[in-house]
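Just below is one structure, and these are the notes that go with it.
Protein chains: 2
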Amino acid sequence: MSPRVVSEGDRRRRRPTKQGAVLSQRLIIDTALRLVEQHGADALSVRRLGIALGADPSALYRYFRNTDDLLLALADEFIGRSLEGWEATGDWRTDLRAMGLRIHHSYHGQPQAALLVAHRTTGRIHETRAVETILGILRDGGFPDPLAVRIYHSFADQALAFAAQDAAAAALPPAAAEADAEVWRQAYGPLPAATHPHVAATYPLLAADMSGSGYPFALELMLTALETLHPDGAGGGRRDR
Amino acid sequence: MSPRVVSEGDRRRRRPTKQGAVLSQRLIIDTALRLVEQHGADALSVRRLGIALGADPSALYRYFRNTDDLLLALADEFIGRSLEGWEATGDWRTDLRAMGLRIHHSYHGQPQAALLVAHRTTGRIHETRAVETILGILRDGGFPDPLAVRIYHSFADQALAFAAQDAAAAALPPAAAEADAEVWRQAYGPLPAATHPHVAATYPLLAADMSGSGYPFALELMLTALETLHPDGAGGGRRDR
DNA sequence: GTTTACACGTCAATGGTGTTGACGTAAGCT
DNA sequence: AGCTTACGTCAACACCATTGACGTGTAAAC
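Have a look at this one:
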């Protein structure tokens, strides 16, 4: 008896489905990504993916052990894409900022896969390269090793944590996402100054600010703090007091 | 015809189930939290919750409109518990720090539930009180409204994002957690200086640092940055209103 | 105390999900 | 040309959230 899933290298018989599609891991991953992009995260089910491929849903189990296996493959795919094409400028502020925003942005683009991978340590090639790059920015930027390592840890965790957080929001079923957005109008708007003076006083500002991600400003705050920790005093004289 | 779900105030008839349980929102939420605590986030389904309560699963729909409604109630309960007993000192640095660590800590203590809940906006009583409290710390601390709001947003998101991130790590099944820890030794330890000079140079520091959470340091960085943004320059004193 | 209205627990059914075992066809080797 | 067996298909299982109909028995009204 043959194992249910055959590794891609050993695959031989390319047998078309009833509807004429010739399956492969590549085709399945690409189709799944397209499905998620076009119809949202919850459109990705084995049954729907089967239909989109023109194959019986159970055929997928010839290519992936289970849906988790498939989603990890998806995640790995976009990690690769998210690191593509970045180049260092040599200024640690600029480079850290770009790195953070890039991670955050690319995870946000594929929330479903992001959710799965954001809190795992993969140790794979793209991840190790990212670690190396960020550490390099900090050490070449003049931070001593112990500080560079602590900063790396907080910087990377913060980028991933915010990315996962925002991805989770983006991956909510439409109804729940709508509800979360409405909450700021319906629950916080009517709060009276008597019981919630600070919310009442700042409500318009709040409602406007909360619609976006808190990450960009958090990143700027971190960069600001790093300037004061930099061994060269004010960190190149950008900040004054 | 009566609406399917009756608001808690208007509820009158307390009719025991076949198995003798007398349902209420309180009982349901407490049971759900216990279920998640004991058997993990995946154990929370309407059917299983019904069984745990000793009631037909569909009885839940007399108390919550749907599972999302139940989840939000769960989330708010969680927020409430994590802020129980906190008291302001009047110093915004101390208070913000305490607030952040408290959120982070309580989520870490209930990782399974935290995962389920960390990225929702509930708009309910405990959450609004938390928002009011944090905004109050910032405004009473002397930050002008537009800045206070931006800071609130990034501060709260940071605490929640890290909490979810660390909860996710703590909630991994033992086997997967072991595997993730091993990755740092097996994948990063052997990286040669030729291809990954920065990782190789700092590996002992890295391995030691990565075992903890990045949040405490990230929080300190944020507080440091806030000092420089404070209108009183070095952020010396408390401002009265 | 008796009556009455209806709240709410229960049942059954719907349409979704991931996953597996059995089966036979046809693909690609010899 | 014949043989093996990979792999696409089918059917079934166990679970999921949710809803409409129903009737019991509680608590209010009298």
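Chains as they are written, first to last, in full-length UniProt numbering: chain V, 1 to 241; chain E, 1 to 241. We treat Cβ as the ideally placed atom computed from N, Cα and C, and that holds for glycine.
Point to revise | For Met-99(E), the nearest candidate out of Lys-18(E), Glu-132(E), Leu-23(E) (CA to CA) | key: Stepping through the second sequence from its first residue, residue 99(E) is reached at position 99. Comparing Cα positions, the closest option is Glu-132(E).
Review point. From which residue to which residue does the alpha helix (DSSP H) around Gly-50(E) run?
Key: Looking up residue 50(E) in the second sequence gives position 50. Here the alpha helix (DSSP H) through Gly-50(E) covers 46 to 53.
Review point. Under 9 Å, do Leu-160(E) and His-119(E) count as touching if we go by C-beta distance?
Key: By one-based count along the second sequence, residue 160(E) stands at place 160. By one-based count along the second sequence, residue 119(E) stands at place 119. Cβ distance < 9 Å, so Leu-160(E) and His-119(E) count as in contact.
Practice item. Report the rounded CA-to-CA distance for Arg-4(V) versus Gly-214(E), giving the unit in angstroms. Key: By one-based count along the first sequence, residue 4(V) stands at place 4. By one-based count along the second sequence, residue 214(E) stands at place 214. Approximately 41 Å, taken between the alpha carbons.
Exercise for review: Can you grab the Cα-Cα spacing for the pair Asp-240(V) / Leu-229(E), in whole Å?
Suggested key: Against the first sequence, residue 240(V) aligns to sequence position 240. Against the second sequence, residue 229(E) aligns to sequence position 229. With a pLDDT of only 41 at Asp-240(V), under 50, the local geometry of the prediction cannot be trusted, and the value read off the model is given with reservation. C-alpha separation (whole angstroms): 11 Å.
Check your understanding: So what's Gln-112(V) in DSSP terms, helix, strand or just coil?
Key -> To locate residue 112(V), count along the first sequence from 1; it is residue 112. Helix.
Practice item. Pull up the distance between the alpha-carbon of Leu-226(V) and that of Leu-221(E), whole angstroms please. Key: Stepping through the first sequence from its first residue, residue 226(V) is reached at position 226. Stepping through the second sequence from its first residue, residue 221(E) is reached at position 221. Roughly 7 Å separates the two Cα atoms.
Check your understanding: If the cut is a Cβ gap below 9 Å, which residues of chain V does Trp-92(E) touch?
Key -> Looking up residue 92(E) in the second sequence gives position 92. Contacts between Trp-92(E) and chain V, judged by CB atoms closer than 9 Å, are missing: the closest CB pair is about 13 Å apart.
Check your understanding: CA-CA distance, Leu-71(V) and Leu-27(V)?
Key -> Numbered from its first residue, the first sequence carries residue 71(V) at position 71. Numbered from its first residue, the first sequence carries residue 27(V) at position 27. So the two alpha carbons sit approximately 14 Å from each other.
Point to revise | Whether Phe-217(E) touches Ile-29(V) by CB criterion (9 Å) | key: In the second sequence, the residue the question calls residue 217(E) occupies position 217. In the first sequence, the residue the question calls residue 29(V) occupies position 29. It is not a contact, given that the beta carbons lie outside the stated cut-off.
Review point. From Trp-92(E) to Phe-143(E), what does the alpha carbon distance come to, in whole angstroms?
Key: Counted from its first residue, the second sequence places residue 92(E) at position 92. Counted from its first residue, the second sequence places residue 143(E) at position 143. When rounded, the distance between both Cα atoms is 10 Å.
Point to revise | Trp-92(V), DSSP secondary structure in three states | key: Mapped onto the first sequence, residue 92(V) falls at position 92. In the structure shown, Trp-92(V) adopts helical secondary structure according to DSSP, grouped into three states.
Practice item. Please say whether Glu-77(E) and Leu-33(E) have beta carbons closer to each other than 9 Å? Key: Position 33 of the second sequence, counting from 1, holds the residue named residue 33(E). Position 77 of the second sequence, counting from 1, holds the residue named residue 77(E). In contact: Leu-33(E) and Glu-77(E) (Cβ atoms closer than 9 Å).
Review point. Once you ignore the five residues that flank His-126(V) on each side, which residues in its own chain have a CB closer than 7 Å to its CB?
Key: Working through the first sequence from its first residue, we reach residue 126(V) at position 126. Its chain contains Ile-79, Gly-80, Leu-83 as the residues whose beta carbon lies nearer than 7 Å to that of His-126(V), once the 5 sequence neighbours on both sides are disregarded; these appear in chain order.
Review point. Counting contacts by CB-CB distance shorter than 9 Å, is Met-99(E) in contact with chain V?
Key: Stepping through the second sequence from its first residue, residue 99(E) is reached at position 99. Chain V contact via Cβ: absent.
Check your understanding: Looking at the structure shown, is Gln-165(E) part of a helix, part of a strand, or coil, going by DSSP?
Key -> On the second sequence, position 165 is the one that residue 165(E) refers to. Here Gln-165(E) sits in helix by DSSP.
Point to revise | Contacting residues, own chain, Cβ-Cβ under 8 Å from Ala-164(V) (five flanking each side not counted) | key: Residue numbering aside, residue 164(V) sits at position 164 when the first sequence is read from its first letter. Excluding residues within five positions, the ones whose Cβ falls inside 8 Å are Tyr-107, Ala-114, Leu-115, Ala-118, His-119.
Review point. Is the Cβ of Phe-78(E) closer than 9 Å to any Cβ of chain V?
Key: Locating residue 78(E) in the second sequence gives position 78, counting from the first residue. No, Phe-78(E) does not count as interfacial toward chain V.
Exercise for review: Could you confirm whether any beta carbon from chain E is found closer than 9 Å to the beta carbon of Ile-51(V)?
Suggested key: As a first step, residue 51(V) is located in the first sequence; it is residue number 51 there, counting from the start. Closer than 9 Å: no.
Check your understanding: Secondary structure at Met-1(E), three-state DSSP: helix, strand or coil?
Key -> Numbered from 1 along the second sequence, position 1 holds the residue referred to as residue 1(E). Below a pLDDT of 50, predicted positions are generally treated as unreliable, and Met-1(E), at 47, falls in that range; the measurement from the model is reported next regardless. In this structure, Met-1(E) counts as coil in the three-state DSSP scheme.
Check your understanding: Is there at least one Cβ from chain V nearer than 9 Å to Gly-40(E)'s Cβ?
Key -> Within the second sequence, residue 40(E) is the residue found at index 40, counting from 1. By this cut-off, Gly-40(E) is not an interface position.
Review point. Quick one, which residues of the region 105 to 117 of chain E are near chain V if we go by CB-CB under 8 Å, in chain order?
Key: Against chain V - using a Cβ distance shorter than 8 Å - the region 105 to 117 of chain E contributes no residues.
Practice item. Please confirm whether Ala-201(E) and Arg-139(V) have their CB atoms less than 9 Å apart. Key: Taking the second sequence and counting its residues from 1, the one referred to as residue 201(E) is at position 201. Taking the first sequence and counting its residues from 1, the one referred to as residue 139(V) is at position 139. Yes. Within cutoff.
Point to revise | Per-residue contacts from Leu-205(E) into chain V (C-beta, under 8 Å) | key: By 1-based counting over the second sequence, the position of residue 205(E) is 205. Those within 8 Å of Leu-205(E) in chain V are Asp-145, Pro-146, Val-149.
Check your understanding: Taking Cβ positions, are Leu-135(V) and Val-183(E) nearer each other than 9 Å?
Key -> The count along the first sequence starts at 1 and reaches residue 135(V) at position 135. The count along the second sequence starts at 1 and reaches residue 183(E) at position 183. Not a contact, by the Cβ cut-off of 9 Å.
Check your understanding: Counting only beta-carbon atoms, is Gly-142(E) nearer than 9 Å to chain V?
Key -> Indexing the second sequence from 1 puts residue 142(E) at position 142. By this cut-off, Gly-142(E) is not an interface position.
**Study point:** 9 Å Cβ cutoff, Phe-64(E) in contact with chain V
**Key:** In the second sequence, counting from the first residue as 1, residue 64(E) sits at position 64. Not closer than 9 Å to any Cβ of chain V, the Cβ of Phe-64(E) fails to qualify, so no.
Practice item. Helix, strand or coil for Trp-184(V), going by three-state DSSP, please let me know. Key: For the purposes of this step, residue 184(V) is identified with residue 184 of the first sequence, where counting begins at 1. Of the three classes helix, strand and coil, the one that applies to Trp-184(V) here is helix, per DSSP.
Practice item. Would you kindly check if the distance between the Cβ of Leu-101(V) and the Cβ of Arg-62(V) is under 9 Å? Key: Position 62 of the first sequence, counted from the first residue, corresponds to residue 62(V). Position 101 of the first sequence, counted from the first residue, corresponds to residue 101(V). No. Outside cutoff.
Exercise for review: Enumerate in chain order the residues of its own chain whose CB-to-CB distance from Ala-52(E) is below 6 Å, with the five nearest sequence positions on each side excluded.
Suggested key: As a position in the second sequence, residue 52(E) is number 52, starting the count at 1. Excluding sequence neighbours, Ala-52(E) sits near Thr-31, Leu-35.
**Study point:** Neighbouring residues, chain V, relative to Gly-189(E) (Cβ below 8 Å)
**Key:** Counting from one through the second sequence, the residue named residue 189(E) turns up at place 189. Simply none; closest approach about 10 Å.
Review point. Since Ser-154(E) meets chain V, which of its residues come closer than 7 Å, beta carbon to beta carbon?
Key: Locating residue 154(E) in the second sequence gives position 154, counting from the first residue. The answer, in chain order, is Gly-214, Phe-217, Ala-218, Leu-221.
Review point. Are the beta-carbon atoms of Leu-96(E) and Phe-162(E) separated by less than 9 Å?
Key: Sequence index remark: in the second sequence, residue 96(E) carries index 96 (1-based). Sequence index remark: in the second sequence, residue 162(E) carries index 162 (1-based). Contact: no.
Practice item. Would you identify the three-state DSSP class for Tyr-63(E), choosing helix, strand or coil? Key: As a working mapping, residue 63(E) is identified with position 63 in the second sequence. Coil at Tyr-63(E), not helix or strand.
Check your understanding: Taking the Cβ atom as the reference point for each residue, do Ala-55(E) and Gln-19(E) lie within a distance shorter than 9 Å?
Key -> Locating residue 55(E) in the second sequence gives position 55, counting from the first residue. Locating residue 19(E) in the second sequence gives position 19, counting from the first residue. Result yes, Cβ atoms of Ala-55(E) and Gln-19(E) sit closer than 9 Å.
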